């Protein structure tokens with residue numbers, strides 16, 4: 029009897045020890061360089077290799093960055109995130125200290141910061157992705173007002189929900205005037221085709237539906253004010269950004285190099301082709317999605333911190349609060365950290381390349 | 056794993072009857088308490104770990120937060136509504152599936168023709184995992200109630216049909232011969248002989264099917280639903296409200312547990328001659 | 027005389043062949059119905075893709091290696107999860123069968139966690155273990171764990187008391203008793219558990235891929251297909267998943283039959 033008790037106790041102790049000690053990954057080690065920087069970015073998997081969205085892909089291929097990091101014995105680790113539910117996945121990764129940076133969207137970042145975990149916006153992304161309102165081909169609806177009271181498939185907590193909020197508000201309506209069906213983009217597309225919902229609000233996968241004649245786009249943010257688009261930026265945890273500013277600077281520089289390359293008109297078609305290949309979308313879809321009437325290709329990619337960025341986020345935070353997605357207010361000003369981009373632009377002699385746009 | 060006092064019986068103690076009785080009483084009392092020991096320990100450990108801040112708040116929410124979240128979703132109506140809807144779907148799909156399964160199983164077991172014509176298709180379809188069918192079904196049926204009921208139907212029908220098949224096949228020949236000797240019509244044969252003789256395995260099959268169907272329903276609601284308890288968990292996840300997610304996990308567990316116990320009780324009540 | 031006999035034999039074979047085809051009537055009818063629906067209009071063709079398209083998608087996916095790559099991914103993950111789940115399941119089951127303290131402590135927790143729909147745990151697991159391979163393998167292991175524990179426990183518990191008595195007569199100590207008597211006697215149960223665990227593990231593998239993050243896997247391929255609403259690829263995936271599931275179950279039963287052949 030006695031030795032049995034002892035043996036059980038040891039076993040319990042071991043199990044408890046393993047369980048408790050495992051996931052505690054190093055939070056905030058003191059300032060010496062970490063061994064690895066982990067970045068999450070939206071990716072599609074094709075033929076075994078992940079292809080990252082937008083600038084992230086070029087940052088991942090940036091040789092200068094890798095060389096610099098190697099000098100400091102720091103590895104760069106990319107965490108691909110499925111487009112199905114970027115928001116939840118990245119936020120979970122942040123809170124469990126599995127990543128230090130992420131290229132992801134505006135609303136999820138606000139949700140994350142509202143929950144108490146702090147991140148910082150270290151490099152703005154492009155002006156934003158376009159969003160679309162799709163209805164079945166047989167539908168008579170011509171605008172959002174026609175859909176009042178109807179069922180709309182919209183993935184909640186994703187950045188384009190804010191765009192939806194703006195569209196709705198501009199028509200004098202409220203989000204609660206609709207029956208929002210919370211479906212990820214795949215299920216939303218299926219639901220539209222099967223007739224379970226009357227409309228679907230999503231990104232450029234809308235073209236895939238309209239090209240197959242199973243959906244009709246009745247509104248797109250291409251006709252709307254520029255800041256209605258959903259934004260995605262480079263975010264870093266507050267800890268990392270404060271404790272390793274030099275590494276953050278290296279990363280931001282790589283991002284700026286990528287963006288400067290993409291923003292040149294002669295690289296535009298190459299960029300579109302690359303993106304289409306990586307995502308498995310037809311090139312025409314990416315092409316159409318990239319057409320924005322009121323802004324030049326170069327300015328579209330401007331990483332400058334204009335007041336419109338701050339305003340955009342204040343609107344996002346206000347929306348999140350009013351939609352009940354967050355319970356505390358977020359001070360947007362603390363999230364914005366322009367110094368890395370400023371320093372980077374100087375270092376790369378890009379100081380005059382972009383001119384701050386007048387607010388739209 | 057029903058508790059039994061065979062352990063106590065095996066330790067044959069002193070021969071005095073009263074002593075043995077006392078031993079037995081102690082054991083059963085301990086057993087009742089014993090069920091509570093580990094959950095309590097777990098609860099205590101949980102609270103301690105949260106207090107010690109070994110994990111960030113967002114990862115491991117304290118039990119108190121879970122309770123608060125429970126109150127929150129209960130008051131807002133989200134939980135009661137979600138529960139009602141999920142259970143409603145389960146019951147409908149399950150009822151249809153069980154009845155259909157028993158009918159199909161009996162048919163396959165008793166009719167040679169059915170075996171030949173329907174058998175192969177049945178065997179092929181039953182191997183398809185219900186979850187793998189979900190994307191296909193979503194495209195075919197949309198994301199409304201039809202989808203969920205169809206999925207639960209599929210997930211219930213086949214296990215119940217198979218259990219019925221086995222049960223009916225294993226009815227001792229003598230019973231069936233009695234039925235034939237009495238020249239009973241097929242329906243009377245079914246009602247008086249086949250059905251009662253095959254209930255125990257069928258009920259077990261039904262119980263297992265229920266557990267699986269509940270699991271599949273929650274999975275489908277996580278993937279593609281507008282309402283229901285799975286959906287409540289998914290929205291909670293998207294808003295980074297892990298406390299809501301935990302409420303969902305606990306509730307779905309409790310429901311699964313109650314469903315299982317409920318059916319066991321039914322088994323026990325319906326089969327007095329089989330009580331263990 | 028010979029001719030008549032030959033003719034009769036021929037007729038018999040023809041009849042036999044026709045008879046064996048009877049099982050195919052229903053599937054053929056269903057497929058025909060499907061094909062008919064798919065040619066009705068664009069919306070129907072979208073969901074009920076014509077069968078030629080399905081076959082085309084199959085060859086397309088096979089040729090660009092996508093299907094095989096994802097298939098390997100799923101299989102690998104499932105095997106890993108299955109192995110860990112089975113090993114742990116046997117361990118814990120044995121523990122509960124031999125030690126009353128372990129039983130009292132572990133049983134309540136086991137019974138309650140078992141009731142939580144596995145895939146409902148994904149949000150929590152995603153948070154605690156990340157959304158990558160670890161979490162996926164864990165879910166698979168958990169799915170195989172449950173039946174293994176149950177069957178190991180029952181198997182060990184139900185070992186005929188006569189065998190135990192023989193062990194006592196031989197003067198075996200606890201561990202020897204376990205190794206020489208209990209374990210072999212409970213092998214049939216263990217293999218029943220294995221056969222139950224295999225389909226559960228496979229379902230958990232696919233389900234996990236549907237709910238967790240990117241990676242190589244048939245579930246992931248299906249999700250990608252769903253984005254582009256490519257029903258043909260979805261059907262190919264579903265079929266592959268089914269076929270592999272059947273193959274794995276069959277392998278498990280072969281293994282069981284082989285290991286238990288001394289019982290026949």
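Residue numbers (my numbering), protein chains in the order written: chain A, 29 to 388; chain B, 56 to 331; chain C, 27 to 290.
C-beta atoms are modelled at their ideal positions from N, C-alpha and C, and glycine is treated no differently.
All of these numbers come straight from a predicted model, not from anything done at the bench.
Do you know offhand how far residue 124 of chain A's Cα is from residue 140 of chain A's? To locate residue 124 of chain A, count along the first chain from 1; it is residue 96. To locate residue 140 of chain A, count along the first chain from 1; it is residue 112. Whole-angstrom Cα-Cα distance: 12 Å.
Compute the Euclidean distance between the alpha carbons of residue 298 of chain B and residue 124 of chain C, then round it to the nearest angstrom. Taking the first residue of the second chain as 1, we reach residue 298 of chain B at position 243. Taking the first residue of the third chain as 1, we reach residue 124 of chain C at position 98. If you take the alpha carbons of residue 298 of chain B and residue 124 of chain C, they lie about 37 Å apart.
Proximity of residue 222 of chain C and residue 282 of chain C at Cβ, strictly below 8 Å: As a first step, residue 222 of chain C must be located in the third chain, where it is residue number 196. As a first step, residue 282 of chain C must be located in the third chain, where it is residue number 256. It is not a contact, given that the beta carbons lie outside the stated cut-off.
For residue 52 of chain C, would you say it is in contact with chain B, using Cβ-to-Cβ distances shorter than 8 Å as the test? Position 26 of the third chain holds residue 52 of chain C. Judged by the 8 Å Cβ criterion, residue 52 of chain C is in contact with chain B.
Taking the C-alpha atoms as reference points, what is the distance between residue 113 of chain A and residue 339 of chain A? Counting from 1 along the first chain, the entry for residue 113 of chain A is found at position 85. Counting from 1 along the first chain, the entry for residue 339 of chain A is found at position 311. Answer to the nearest angstrom: the Cα atoms are 26 Å apart.
So what's residue 13 of chain A in DSSP terms, helix, strand or just coil? Absent from the model: residue 13 of chain A. The displayed extent of chain A is 29 to 388, so no value can be given.
Less than 8 Å between C-beta atoms, sequence neighbours within five positions excluded: which residues of the same chain meet that for residue 343 of chain A? For the purposes of this step, residue 343 of chain A is taken as residue 315 along the first chain, with counting starting at 1. The answer, listed in chain order, is 190, 194, 255.
Out of A:178, A:211, A:226, A:229, which one is the CA nearest neighbour of residue 205 of chain A? Within the first chain, numbered from 1, the residue matching residue 205 of chain A stands at position 177. The residue with the shortest Cα to Cα distance from residue 205 of chain A is A:178.
Roughly how many angstroms separate the alpha carbons of residue 271 of chain B and residue 199 of chain B, rounded to a whole number? As a working mapping, residue 271 of chain B is identified with position 216 in the second chain. As a working mapping, residue 199 of chain B is identified with position 144 in the second chain. So the alpha carbons of these two residues sit roughly 16 Å apart.
Measure the beta-carbon distance from residue 263 of chain A to residue 88 of chain A and round it to whole angstroms, keeping in mind my assumption that it falls under 8 Å. What you label residue 263 of chain A is simply residue 235 of the first chain in a count that begins at 1. What you label residue 88 of chain A is simply residue 60 of the first chain in a count that begins at 1. Incorrect: roughly 16 Å between the Cβ atoms, too far for contact.
Residue range of the beta strand (DSSP E) that residue 108 of chain A falls in? Taking the first chain and counting its residues from 1, one reaches residue 108 of chain A at position 80. Per DSSP, residue 108 of chain A belongs to the beta strand (DSSP E) from 103-109.
If you compare alpha carbons, which of A:357, A:368, A:335 is closest to residue 144 of chain A? Locating residue 144 of chain A in the first chain gives position 116, counting from the first residue. Of the candidates A:357, A:368, A:335, the one whose C-alpha sits nearest the C-alpha of residue 144 of chain A is A:357.
Kindly indicate which residue of B:102, B:95, B:135 has the alpha-carbon position closest to the one of residue 303 of chain B. By one-based count along the second chain, residue 303 of chain B stands at place 248. The option with the nearest alpha carbon to residue 303 of chain B is B:135.
In the DSSP assignment, the beta strand (DSSP E) including residue 181 of chain C goes from what residue to what residue? Your numbering for residue 181 of chain C matches position 155 in the third chain. No beta strand (DSSP E) contains residue 181 of chain C, which is instead part of the alpha helix (DSSP H) from 159-183.
State the start and end residues of the unbroken alpha helix (DSSP H) segment that holds residue 262 of chain A. Within the first chain, the letter at position 234 stands for residue 262 of chain A. Looking at the DSSP string, residue 262 of chain A is not in any alpha helix (DSSP H); the run it does join, the beta strand (DSSP E), is 260-265.
Since residue 156 of chain C meets chain A, which of its residues come closer than 7 Å, beta carbon to beta carbon? Here the question's residue 156 of chain C lines up with position 130 in the third chain. Per Cβ cutoff of 7 Å: 121, 124, 126.
Helix, strand or coil at residue 79 of chain A [DSSP, three-state]: The residue you call residue 79 of chain A lines up with position 51 of the first chain. If DSSP states are grouped into helix, strand and coil, residue 79 of chain A belongs with the strands.
Where residue 309 of chain A falls: helix, strand or coil (DSSP): For the purposes of this step, residue 309 of chain A is taken as residue 281 along the first chain, with counting starting at 1. Residue state, collapsed to three classes: coil.
Between which two residues does the alpha helix (DSSP H) harbouring residue 319 of chain B extend? Working through the second chain from its first residue, we reach residue 319 of chain B at position 264. Element bounds for residue 319 of chain B: 297-325.
Whether residue 328 of chain A touches residue 248 of chain A by CB criterion (8 Å): Indexing the first chain from 1 puts residue 328 of chain A at position 300. Indexing the first chain from 1 puts residue 248 of chain A at position 220. Going by C-beta atoms, residue 328 of chain A is not nearer than 8 Å to residue 248 of chain A.
DSSP three-state call for residue 127 of chain C: helix, strand or coil? Numbered from its first residue, the third chain carries residue 127 of chain C at position 101. Note: residue 127 of chain C maps to helix in three-state DSSP.
Rounded straight-line distance, which links the Cα of residue 257 of chain B to that of residue 219 of chain B: Looking up residue 219 of chain B in the second chain gives position 164. Looking up residue 257 of chain B in the second chain gives position 202. The straight-line gap from Cα to Cα measures roughly 5 Å.
So for residue 157 of chain A, helix, strand or coil by DSSP? Within the first chain, numbered from 1, the residue matching residue 157 of chain A stands at position 129. In the structure shown, residue 157 of chain A sits in a strand (DSSP, three-state: E or B).
Compare the C-beta of residue 116 of chain A with all C-beta atoms of chain B and state if any pair is closer than 8 Å. Here residue 116 of chain A refers to the residue found at position 88 when the first chain is read from its first residue. True, the Cβ-Cβ gap to chain B drops below 8 Å.
Taking just the CA atoms, how far does residue 162 of chain B sit from residue 67 of chain A? The residue you call residue 67 of chain A lines up with position 39 of the first chain. The residue you call residue 162 of chain B lines up with position 107 of the second chain. One C-alpha to the other measures close to 59 Å.
Is the Cβ of residue 260 of chain A closer than 8 Å to any Cβ of chain B? Along the first chain, read from residue 1 onward, the residue named residue 260 of chain A stands at position 232. Not closer than 8 Å to any Cβ of chain B, the Cβ of residue 260 of chain A fails to qualify, so no.
Around the Cβ of residue 41 of chain C, are there at least 16 other Cβ atoms within 10 angstroms (buried) or fewer (exposed)? The residue given as residue 41 of chain C occupies position 15 in the third chain. Its Cβ having fewer than 16 others within 10 Å, residue 41 of chain C is exposed.
Chain-ordered neighbours of residue 182 of chain B on chain C, where CB pairs are closer than 7 Å: Locating residue 182 of chain B in the second chain gives position 127, where the first residue counts as 1. Under the 7 Å cutoff, chain C gives 268, 271, 272.
As assigned by DSSP and simplified to three states, the class of residue 348 of chain A: What you label residue 348 of chain A is simply residue 320 of the first chain in a count that begins at 1. Helix.
Nearest to residue 188 of chain A by alpha carbon, out of A:168, A:167, A:229, A:166? Numbered from its first residue, the first chain carries residue 188 of chain A at position 160. If we check each option's Cα against that of residue 188 of chain A, A:229 comes out closest.
What residues of chain A sit near residue 196 of chain B, judged by a beta carbon separation below 7 Å? On the second chain, residue 196 of chain B is found 141 positions in, with the first residue counted as 1. Near residue 196 of chain B (Cβ distances below 7 Å), the residues of chain A are 222.
Identify whether residue 246 of chain B lies in helix, strand or coil by the three-state DSSP scheme. Stepping through the second chain from its first residue, residue 246 of chain B is reached at position 191. DSSP places residue 246 of chain B in helix when its eight states are reduced to three.
How many whole angstroms separate the CB atoms of residue 111 of chain C and residue 51 of chain C, which I take to be in contact at a CB cut-off of 8 Å? Position 85 of the third chain holds residue 111 of chain C. Position 25 of the third chain holds residue 51 of chain C. Rounded, the Cβ-Cβ distance is 41 Å, inconsistent with contact.
Tell me the DSSP bridge mates of residue 228 of chain A? Position 200 of the first chain, counted from the first residue, corresponds to residue 228 of chain A. For residue 228 of chain A, which the question treats as bridged, DSSP gives the partners A:162, A:181.
With a threshold of 8 Å between beta-carbons, can residue 370 of chain A be considered close to chain C, or not? Stepping through the first chain from its first residue, residue 370 of chain A is reached at position 342. No - not a single Cβ of chain C is within 8 Å of the one on residue 370 of chain A.
Helix or strand or just coil, what does DSSP make of residue 70 of chain A? Residue mapping note: residue 70 of chain A aligns to position 42 of the first chain, counting from 1. Here residue 70 of chain A sits in strand by DSSP.
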